[in-house]
Amino acid sequence: MKATANGGQRERLVIVGNGMVGHHCVEQLVERGALARFEVRVFGEERQRAYDRVHLSEYFAGSCAETLALCEPGFYGASEVHLHLGEAVLEIDRERQEVITAEGRYGYDQLILATGSYPFVPPIEGSSGHARLVYRTLDDLDAIRAAASDARRGVVVGGGLLGLEAANALKSLGLEAHVVEFAPRLMPVQLDGEGGAALKAQIEALGVGVHLSRATQSISAGETYRYRMNFDGGEHLETDLIVFSAGIRPQDALGRACGLDIAARGGVVIDNHCRSSDPRIFAIGECASWNGSVFGLVAPGYSMARNLAALLMGEVAGEFSGADMSTKLKLLGVDVGSIGDAHGATPGARSYRFIDEANSAYRRLVVDASGKKVLGAVLVGDNSYYDTLLQYAQNGIALPADPAALILPQGGGAPALGADALPDSATICSCHNVSKGAVCAAIDSGCSDLAAVKGCTKAATGCGGCAALLKQVFEHELTARGVTVDKSLCEHFAYTRQELYGLVRVEGIRTFQDLLARHGKGHVGCDICKPAVGNILASCWNQPIMDPALVPLQDTNDTFMANMQKNGTYSVVPRIPGGEITPDKLIVIGQVAKKYDLYTKITGGQRIDLFGAQLHELPLIWGELIEAGFETGHAYGKSTRTVKSCVGSTWCRYGVQDSVGMALRLEDRYKGLRSPHKLKFAVSGCTRECAEAQSKDIGVIATDKGWNLYVCGNGGMRPRHAELFATDLDDETLVRLIDRVLMFYIRTADKLQRTSVWRESLDGGLDYLKQVILEDSLGLAAELEAQMQHVVDQYECEWANALKDPEKLKRFRTFVNDRRADPDVHFVREREQRRPATALHLIPTVEEAV
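Under our numbering, think of the first position of the sequence shown as 3, with each following residue one higher.
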């Protein structure tokens with residue numbers, strides 16, 4: 003016990019493990035005011051505080067440990083929780099009620115084990131040393147990246163969920179990736195035979211080798227590659243590195259060593275209240291075994307953490323009674339879903355199956371003997387059916403007369419169930435155990451927008467897979483309460499962006515005032531509608547944005563055709579198509595940077611940014627660049643930014659197509675194209691994917707027969723893999739399809755909506771988009787191509803246009819009546835270049851902030 007400020011005693015609560023479940027337990031305790039009752043001490047073996055292991059693969063896509071962290075840096079200190087990172091608990095002394103680390107002994111009154119699991123590495127001869135890599139922690143990922151630096155091929159042992167994630171990681175590092183699985187199918191726990199076959203076909207189409215029914219007997223030195231994996235039966239596979247992902251085992255060593263009851267298959271035995279055989283010790287998450295089962299998903303661990311926090315606080319705590327292991331995943335860009343009794347093991351169960359061999363898609367619906375209740379489902383290739391089927395299974399909702407209709411092609415997933423059909427007990431968010439009733443209660447308590455509901459309930463803040471269902475329930479409940487769900491762009495236009503685009507296009511409207519007069523109200527507009535309409539007008543007609551009628555619609559960056567920086571200066575970003583540049587042009591950039599003393603930075607998009615230009619210098623700088631043959635790079639606009647490329651077949655011994663040539667063609671065609679949000683492209687010359695095309699809005703990867711087209715990916719704060727859209731395209735067909743996809747996105751997307759979010763919002767998902775673009779189901783193909791061609795034909799470098807017009811150049815003065823520089827801008831020198839000395843307090847517009 004420890005004395006409190008008011009003379010009371012606080013119990014000592016120790017939590018061993020700072021993973022997702024351990025951290026969630028801390029959050030629950032803090033929310034319940036547990037720090038008044040307990041002195042909480044948390045031990046984490048890793049150096050980093052709790053991070054999101056569900057999205058671990060994003061670490062290779064550019065996320066850092068801080069991005070993946072589950073809390074702000076000061077969370078533990080502000081909550082008065084003692085956090086010991088990099089300090090492993092080595093022993094538990096149950097008699098003295100102490101945990102022992104290398105740093106000392108710490109007493110406890112209550113102890114929670116949240117030590118998680120560890121990767122299982124099969125006892126294979128020769129598996130030690132450099133070949134022995136696992137995929138579990140950030141340190142593991144750093145080790146994989148280091149090993150991949152001088153490797154050509156990588157193999158993952160294990161074709162389960164984490165194994166396929168690891169294969170994707172190897173592929174993202176530029177390696178030829180292979181998966182070796184002992185079972186006769188991939189993801190054998192979640193998928194049946196047909197589902198595994200469909201997944202195998204899709205993954206092989208992405209260039210990943212799949213080897214099933216292979217038992218690795220030994221690992222020896224290779225001839226062509228570093229190692230040789232020798233399989234049972236005499237076959238072998240050579241590779242430069244091996245990642246083991248053959249399952250997990252409960253991290254129960256501490257409990258085992260101190261004499262706690264351990265389940266036959268591992269894991270600290272717990273009761274319905276997560277209590278071990280020692281009444282003062284609890285276990286939650288993957289280190290715990292309940293009723294002989296260990297749960298390898300985060301949602302059951304969160305449920306244990308919530309129940310235990312309530313118990314410790316003396317609240318009425320629910321009992322842990324198992325967990326729904328349904329999962330919705332995207333593996334290497336392929337949708338995979340598994341619900342309930344996916345294998346039909348329940349006596350009397352019957353199945354409906356839909357098999358699409360042409361597209362490697364598969365759906366299975368498992369129903370009970372009566373044919374009235376859903377028991378489970380398997381989905382491969384399209385998860386748009388998942389949410390509806392999950393609600394049928396979880397809530398015992400009666401099936402329609404023809405159950406097969408739930409998995410047959412609909413153009414939009416399973417027939418919509420409707421929020422009104424869900425009972426209040428229906429789980430909307432399984433990560434945080436948020437029911438429909440909880441969402442309704444949040445609305446009744448005053449949450450009037452979706453962000454407020456998320457903040458109140460935490461729904462859709464875990465894996466995010468329930469976001470669409472949450473939105474559906476939220477809007478339905480508002481309507482049921484007599485609240486009109488207003489989708490107006492703003493107070494001046496009672497239309498969505500999509501509707502306004504249609505009005506502008508159909509009626510040939512070319513100015514904001516004309517649109518406002520015909521279809522809006524008021525006289526001047528606002529910071530929401532003016533940039534949105536300016537974007538629409540640019541997408542339709544591609545007039546110079548510095549024309550007098552259009553200037554008032556632009557945000558700060560578009561107004562000055564440069565990105566404003568934190569100290570009030572601007573960046574200059576000339577276009578370098580495909581990353582290809584001549585020595586003469588490199589010299590010009592260097593000369594301009596020296597003349598105006600600009601900070602220079604090579605970007606991830608294969609361009610050179612010049613920072614620190616004052617407003618009055620912009621025309622001078624651009625005059626010199628344009629004279630040298632450069633154009634604006636549109637870094638300031640919601641438009642096409644870059645087309646990244648590798649060197650392709652021209653130089654690379656692995657390249658099979660001229661990726662630079664295609665990148666130049668695409669960037670030249672789509673430069674200046676305005677859209678709801680910024681657009682990034684990439685072209686890779688082979689499946690090694692050095693240009694990272696699968697993280698772009700438009701990604702193109704060369705094959706020996708042509709080009710594979712990927713669409714609607716992006717990096718950034720919400721990374722999403724692009725999806726394979728069409729294969730083995732010739733040059734002309736590729737460009738034609740990109741025309742259609744981009745123009746359809748521009749026509750139908752919401753304001754400031756990335757292609758990835760737009761794709762997720764489409765009714766019917768990727769299949770619907772394929773029907774529109776590839777099959778011309780709406781009869782729009784020719785129109786979309788013509789509209790794109792109009793934009794292309796209207797292109798003019800915006801800076802070249804401005805430099806020809808003295809009236810437009812008047813805008814580039816710090817002071818209207820004075821040509822002097824801004825006296826408040828100061829610089830310092832660091833690493834041989836100048837940097838801002840202080841930051842001005844500039845308030846961005848809504849558009850800029852987003």
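Beta carbons are placed, not taken as given, at the ideal position from N, Cα and C, and that holds for glycine.
### Query
If you count every other CB in all the chains shown that lies within 10 Å of the CB of Ile-126, and 16 or more means buried, which is it?
Label assigned to Ile-126: buried.
### Task
Assign Ile-589 to one of two classes, buried (16 or more other C-beta atoms within 10 Å of its C-beta) or exposed (fewer than that).
With a 10 Å radius around the Cβ and a threshold of 16 neighbouring Cβ atoms, Ile-589 comes out exposed.
### Query
Buried or exposed: where does Ser-779 fall if 16 or more other Cβ atoms within 10 Å of its Cβ makes it buried?
With a 10 Å radius around the Cβ and a threshold of 16 neighbouring Cβ atoms, Ser-779 comes out exposed.
### Query
Taking just the CA atoms, how far does Leu-31 sit from Leu-15?
Spanning the two alpha carbons is a distance of roughly 11 Å.
#### Entry: Residue of His-57, Ala-406 and His-25 minimising C-alpha distance to Phe-45
Just measuring C-alpha positions, the residue of His-57, Ala-406 and His-25 sitting nearest Phe-45 is His-25.
### Query
Is Gly-303 helix, strand or coil when you go by DSSP?
Judged by DSSP in its simplified three-state form, Gly-303 adopts helix.
### Query
To which residues of the same chain is Ala-5 closer than 8 Å at the C-beta, ignoring the five residues directly before and after it?
Its pLDDT being 46, under 50, Ala-5 is placed unreliably by the model, and nothing is read from it.
### Task
Counting only runs of 4+ residues fully inside the segment 437-482, write out the alpha helix (DSSP H) ranges in chain order.
Runs found: 438-446, 452-459 and 469-482.
### Cα-Cα separation, Gly-378 to Thr-226
Here the alpha carbons of Thr-226 and Gly-378 stand approximately 46 Å from one another.
### Task
Would you kindly report the start and end of the unbroken alpha helix (DSSP H) that includes Gln-11?
Not the alpha helix (DSSP H): Gln-11 falls in the beta strand (DSSP E), residues 11-18.
### Message
Here's a check: name, in chain order, each residue in its chain whose Cβ is nearer than 8 Å to the Cβ of Gly-414, leaving out the five neighbours to either side.
### Response
Reliability fails at Gly-414, whose pLDDT of 48 lies under 50, so the model's placement of it is uncertain and the value that follows must be treated cautiously. So the list reads Ser-386, Asp-765, Gly-766, Gly-767 and Tyr-770, once near-sequence residues are dropped.
#### Entry: Euclidean distance between Cα positions of Lys-202 and Gly-128
Linking Lys-202 to Gly-128 through their CA atoms gives a straight-line distance of about 28 Å.
### Query
Roughly how many angstroms separate the alpha carbons of Thr-729 and Met-315, rounded to a whole number?
Cα atoms of Thr-729 and Met-315: separation of roughly 58 Å, rounded to the nearest angstrom.
#### Entry: Val-713 versus Asp-706, Ser-174 and Gln-696, residue with shortest Cα-Cα distance
Shortest Cα-Cα distance from Val-713 to any of Asp-706, Ser-174 and Gln-696 involves Gln-696.
### Message
Using a 10 Å radius around the Cβ and a threshold of 16 neighbouring Cβ atoms, would you call Gly-373 buried or exposed?
### Response
With fewer than 16 Cβ atoms within 10 Å of its Cβ, Gly-373 is classed as exposed.
### Task
Can you say whether Met-485 is buried or exposed, counting buried as having 16 or more other CB atoms within 10 angstroms of its CB?
In the sequence as displayed, the identity of residue 485 is Val instead of Met. The residue in question, Val-485, is exposed, as its Cβ has fewer than 16 Cβ neighbours within 10 Å.
### Ile-845 - DSSP class collapsed to helix/strand/coil
Residue confidence for Ile-845 is low, a pLDDT of 35 falling below 50, so the modelled location carries little weight and cannot support an answer.
### Message
Suppose contacts are defined by Cβ-Cβ distances below 8 Å. Is Arg-147 in contact with Leu-175 by that definition?
### Response
Yes; because the gap between Cβ atoms is below 8 Å, this pair is in contact.
#### Entry: Uninterrupted alpha helix (DSSP H) stretches inside the segment 95-152 (no shorter than 4 residues)
Scanning the segment 95-152 for uninterrupted alpha helix (DSSP H) segments of 4 residues or longer gives 140-150, listed from N- to C-terminal end.
### Task
Find the nearest neighbour of Ser-541 within the set Tyr-108, Phe-495 and Gly-674, judged by alpha-carbon distance.
Ranking the options by Cα distance to Ser-541, first place goes to Gly-674.
### Task
With a cut-off of 8 Å on the beta carbons, I'd call Val-123 and Val-18 a contact; round off their distance for me.
Not quite, the Cβ-Cβ distance comes to about 23 Å (not below 8 Å), so this is no contact.
### Task
Under 7 Å Cβ to Cβ from Lys-332, same chain only, skipping five residues before and after it: list those, please.
Counting only Cβ-Cβ distances below 7 Å, and skipping sequence neighbours, we find His-723.
### Query
For Glu-691, is the classification buried or exposed, using 16 other Cβ atoms within 10 angstroms of its Cβ as the cut-off for buried?
Glu-691 comes out buried.
### Message
If I measure Cβ to Cβ from Gln-773 and keep anything under 6 Å in the same chain, skipping five residues before and after, which residues do I get?
### Response
Closer than 6 Å at Cβ, skipping near neighbours: Ser-779.
### Which listed residue (Ala-312, Gly-715, Ser-651 and Asp-560) has its alpha carbon closest to that of Ala-36
The residue with the shortest Cα to Cα distance from Ala-36 is Ala-312.
#### Entry: Ranges of the beta strand (DSSP E) found wholly within the segment 576-605, counting only runs of at least 3
Here the runs fully enclosed are 601-604.
### Message
As an exercise, report each continuous alpha helix (DSSP H) stretch of at least 4 residues that is fully enclosed by the segment 695-774, in chain order.
### Response
The qualifying runs are 733-750 and 757-763.
### Query
Smallest Cα separation from Ala-469: which of Leu-480, Cys-27, Lys-456 and Arg-216?
Measuring from the Cα of Ala-469, the nearest candidate turns out to be Lys-456.
### Message
So for Asn-361, helix, strand or coil by DSSP?
### Response
Residue state, collapsed to three classes: coil.
### Message
Extract the residue ranges of the beta strand (DSSP E) inside the segment 244-281, only unbroken runs of 3 or more that lie entirely within it.
### Response
With a minimum length of 3 residues, the continuous beta strand (DSSP E) runs that stay inside the segment 244-281 are 250-252 and 270-272.
### Query
Would you call Glu-619 buried or exposed, if buried means 16 or more other Cβ atoms sit within 10 Å of its Cβ?
Its Cβ being crowded by 16 or more others within 10 Å, Glu-619 is buried.
### Message
Which of the three DSSP states is assigned to Gly-24 in this structure?
### Response
The three-state reading of DSSP puts Gly-24 in helix, counting H, G and I together.
### Own chain, CB closer than 8 Å to Gly-257, minus 5 neighbours either side, in chain order
Cβ neighbours of Gly-257 beyond the five flanking positions: Ile-94, Leu-115, Ile-264, Val-270, Ser-278, Ile-283, Ala-285 and Cys-289.
### Query
Per DSSP, what kind of secondary structure is Phe-562 in: helix, strand or coil?
Helix, per DSSP.
### Message
Between the segment 199-213 and the segment 352-372, can you find at least three pairs of beta-carbon atoms closer than 8 Å?
### Response
Counting Cβ pairs under 8 Å, three or more are found: they touch.
#### Entry: Sequence-distant residues of its chain with Cβ nearer than 6 Å to Ala-802 (five each side left out)
Hits under 6 Å: Ile-628.
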